[in-house]
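Quick note: the sequence shown, position 316, residue 317 per our numbering, numbers continuous.
Just so you know, even glycine gets a beta-carbon here, dropped at the ideal spot from N, CA and C.
Inspection log for the structure reproduced underneath, given as structure tokens.
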Amino acid sequence: MIIDVIKTLYLALFKIVFSFYNMQPLQKKIVMYVTFRQNAHYILQELKKRPDSMEIILICNRTSYEGLLERDDKRVKLISLEDKRLYFKRIYHLATAKLVVVDNYFAFLAVSSFKKDVECIQIWHAAGAVKSFGLEDKSTTERTAISLKRFRQVYNRFTKIVVGSDEMAGVFTKAFGLEKDVFLRTGIPRTDLFYSDKEKDKIRASFYRDYPHLADKKIALYAPTFRDHPDHQNQLDLSFLQKELGEEYFFIIKFHPVTKQSIILPEQSGSSFLLIDADYDVNELLQVTDVLITDYSSIPFEYCLLGKPMIFFAYDLKEYSKERGIWANYDQLVPGPVVTDTESLIEALKQPAESVPMQRINMFCEEWNKYSKGYSSKNLVDYMLEKL
2 MIIDVIKTLY LALFKIVFSF YNMQPLQKKI VMYVTFRQNA HYILQELKKR PDSMEIILIC
62 NRTSYEGLLE RDDKRVKLIS LEDKRLYFKR IYHLATAKLV VVDNYFAFLA VSSFKKDVEC
122 IQIWHAAGAV KSFGLEDKST TERTAISLKR FRQVYNRFTK IVVGSDEMAG VFTKAFGLEK
182 DVFLRTGIPR TDLFYSDKEK DKIRASFYRD YPHLADKKIA LYAPTFRDHP DHQNQLDLSF
242 LQKELGEEYF FIIKFHPVTK QSIILPEQSG SSFLLIDADY DVNELLQVTD VLITDYSSIP
302 FEYCLLGKPM IFFAYDLKEY SKERGIWANY DQLVPGPVVT DTESLIEALK QPAESVPMQR
362 INMFCEEWNK YSKGYSSKNL VDYMLEKL
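Structural data, given as structure tokens:
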């Protein structure tokens, strides 16, 4: 209850400031308020190809913009979320922009009464979903009526939602409690990478410059999703993996960006394990990955574009399904074997290609990437510029 009071007071102040700036005329500018860099990166790259006739404002934290802007980038104005002195400037730009792009849930949208001609586009940060979110997240049953009302106000603020498939449109409809079709079937900008051989080759070359000893290794990427109380050390027996597969595989471990988690690598691991920065672009890591090991993450919806095997280490499936929720029957949804312990994982890794028919991966890919065909950024920017 105390948290609700604090949030209510904060949003009340935000609303007052927003309403003041909202009295000014709308300007021909795009405001991007983002927490993840991948989609924003491809949108910005596409915008820079277009005539320099609009103002572009990027509002994000340091982690995001370090991968988004070049030092001599003059077309994009950066407003850091970490600089408290820029609080009013951020609200000013949100209130006076003709087009606002967001990639996550932002509580301030609940009180951001945009003018009728303003487009607020939700680009989200994933191409698909395994775990429940939004109103379908089982933890919402513990939320107060005030919180649930705020959630709905935020979701109703999106005039358009970008999707790469009709499947994801269905997920958003339930998660956001939508009553009408507000979807932009342009495809997901971040998936454009998977269709560019030139960019993929560049990423691989850069990776192997940093890690030359991995150039001839078979790489397995372990990328689990976010957990409220992660305890990965006790679930994945790294010493056993090293003993059984250390000669055949090199394992890269990457935690979710919001997970403050470390893992103790076995002393005898030698060169078979690498714990990589949680902020490292996962789509870049996928370009050097031979086998993906994950659980309830959205990564498979993009990794499938590479047509490579996946293994799902769902050791806590019952618990996770009960606490967070899963969108569909897990075993039927994921395009790969489901294992619950290290021994089963090792067996699946010994013959990953035989673990699941390629036809199943291709069907999964087509189902969830129906509109993501390599020019999603262009499609979306075309729409955005029409609305300016």
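If you pair each beta-carbon of the segment 32 to 51 with each one of the segment 7 to 14, do three or more pairs fall below 8 Å? no
Express the C-alpha separation of Glu200 and Leu390 in angstroms, rounding to a whole number. Residue 390 cannot be examined here, being either before or after the span of the chain that is shown, 2 to 389.
Whole angstroms is fine: what's the gap from Phe115's alpha carbon to Tyr88's? 18 Å
Who are the Cβ neighbours of Ser42 in its own chain at under 6 Å, not counting the five residues just before and after it? Before going further, note that residue 42 is His rather than Ser in the sequence given. Leu69.
Proximal residues to Ala13 (C-beta, below 8 Å), its chain only, five neighbours per side dropped: Val112
Pick from Ile58, Asp282 and Leu246 that is closest to Ser207, judged by C-alpha positions: Asp282
Which residue's Cα is closest to the Cα of Met385: Ile3, Phe173 and Glu56? Glu56
Taking Cβ to Cβ, would you say Cys121 is nearer than 8 Å to Phe177? no
Reduced DSSP secondary structure (H/G/I, E/B, other) of Met359: helix
Is the separation between the beta-carbon of Asp291 and that of Lys309 shorter than 8 Å? yes
By Cβ distance, which residues of its chain are closer than 7 Å to Asp5, with the 5 residues on each side in sequence left out? Thr145, Ile147 and Ser148
Indicate whether Thr295 and Phe313 have their beta-carbon atoms separated by less than 8 Å. yes
C-alpha distance - Arg361 paired with Asp332, whole-angstrom precision: 12 Å
Buried or exposed: which applies to Thr192, given that a residue is buried once 16 or more other Cβ atoms fall within 10 Å of its Cβ? buried
Exposed or buried, which one is His94 when buried takes at least 16 other CB atoms within 10 Å? buried
Give the C-beta separation of Ile58 and Lys29 to the nearest angstrom, bearing in mind that I take them to be a contact with Cβ-Cβ under 8 Å. About 12 Å; that fails the 8 Å criterion.
Specify whether the segment 163 to 178 and the segment 15 to 26 touch according to this definition: at least 3 beta carbon pairs, one from each stretch, less than 8 Å apart. no
Using three-state DSSP, classify Met364 as helix, strand or coil. helix
Since Leu185 and Lys161 are thought to touch, with beta carbons under 8 Å apart, how far apart are those beta carbons, to the nearest angstrom? 5 Å
Select from Thr226, Gly171 and Gln288 the residue whose C-alpha is nearest the C-alpha of Ser197. Gln288
Alpha helix (DSSP H) containing Val283: first to last residue? Val283 to Leu287
Using C-beta distances below 8 Å, list every residue in its chain close to Gly326, excluding the 5 sequence neighbours before and after it, in chain order. Lys132, Ser133, Glu137, Asp138 and Lys139
Within the segment 108 to 171, note down every full beta strand (DSSP E) run reaching 3 residues or more, in order along the chain. 120 to 123 and 161 to 163
List the whole-angstrom C-beta distance separating Ala224 from Ser298, where the pair is believed to meet the contact cut-off of C-beta under 8 Å. 6 Å
With distances taken Cα to Cα, identify the nearest neighbour of Cys408 among Leu293, Tyr316 and Ala315. Residue 408 cannot be examined here, being either before or after the span of the chain that is shown, 2 to 389.
Nearest residue (CA-CA) to Met24, options Tyr66, Ala96, Ala128 and Ala349: Ala96
Rounded C-alpha distance that separates Leu276 from His214: 15 Å
So if DSSP puts Leu79 in a beta bridge, which residue, or which two residues, is it bridged to? Leu59
Determine the contact status of Tyr316 and Gln243, defining contact as a CB-CB distance below 8 Å. no
Supposed contact pair Gly188 and Ser356 - C-beta distance, whole angstroms, cut 8 Å: Rounded, the Cβ-Cβ distance is 29 Å, inconsistent with contact.
Taking the Cβ atom as the reference point for each residue, do Leu286 and Leu222 lie within a distance shorter than 8 Å? yes
Determine the direct distance from the alpha carbon of Val102 to that of Lys382, and round the result to whole angstroms. One point to set straight first is that residue 382 is Val, not Lys, in the sequence displayed. Distance between the alpha carbons of Val382 and Val102: 11 Å.
Using only the alpha-carbon positions, how far apart do Met311 and Phe256 sit? 17 Å
With 16 other CB atoms within 10 Å as the buried threshold, where does Ser54 fall? exposed
If you reduce the DSSP assignment to three classes, tell me which class Lys219 lands in. strand
Over what stretch of residues does the alpha helix (DSSP H) that includes Lys244 continue unbroken? Leu239 to Leu246
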